[in-house]
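Here the structure is laid out as structure tokens; the discussion comes afterwards.
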Amino acid sequence: LEYYWGEHIHLGYYNKEEMEAGYKKKDFIQAKYDFIDEMMKFGGIEAGVDAGAKVLDVGCGFGGTSRYLADKLGPKADVT
Numbered sequence: 219l220e221y222y223w224g225e226h227i228h229l230g231y232y233n234k235e236e237m238e239a240g241y242k243k244k245d246f247i248q249a250k251y252d253f254i255d256e257m258m259k260f261g262g263i264e265a266g267v268d269a270g271a272k273v274l275d276v277g278c279g280f281g282g283t284s285r286y287l288a289d290k291l292g293p294k295a296d297v298t
């Protein structure tokens, strides 16, 4: 499964312009990272401001999202 989906078992994020241009033109892996970034915004978490954030990743997969969040938020963050 990881071979096909990569580290993240979720779909990507495509903004209006990307959808209009044709979502298949966007790199699928980048779309997944963009999805995580959008979920951070939705949750009110900003990497530069919330370096000590506590984040619980309740999902399935291989931990790719947790690793991405930990890297993005820095060493003071608590990502589980």
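In terms of the working numbering, the sequence shown opens at residue 219 and continues consecutively. Using N, Cα and C, we set each Cβ at its ideal position, and we do this for glycine too.
Quick test of your reading: leucine 291 and isoleucine 254, contact by CB under 8 Å. State the CB separation rounded to the nearest angstrom. By one-based count along the sequence shown, residue 291 stands at place 73. By one-based count along the sequence shown, residue 254 stands at place 36. So it is not a contact: roughly 11 Å between Cβ atoms.
From Ala295, Ser284, Pro293 and Lys294, pick the residue whose C-alpha is nearest to that of tyrosine 251; which is it? The sequence position of residue 251 within the sequence shown is 33, counting from 1. Of the listed residues, the one whose Cα sits closest to tyrosine 251 is Ser284.
Which value, in whole angstroms, describes the spacing of the CA atoms of glycine 282 and alanine 249? As a first step, residue 282 must be located in the sequence shown, where it is residue number 64. As a first step, residue 249 must be located in the sequence shown, where it is residue number 31. In a straight line, the C-alpha of glycine 282 is about 14 Å away from that of alanine 249.
Cα separation between alanine 269 and lysine 242? Taking the first residue of the sequence shown as position 1, residue 269 is located at position 51. Taking the first residue of the sequence shown as position 1, residue 242 is located at position 24. A straight line joining the alpha-carbon of alanine 269 with that of lysine 242 spans about 33 Å.
Could you check which residue in Pro293, His226 and Phe260 has the C-alpha nearest to that of phenylalanine 246? Here residue 246 corresponds to residue number 28 of the sequence shown, with the count starting at 1. With distances taken between Cα atoms, phenylalanine 246 lies closest to His226.
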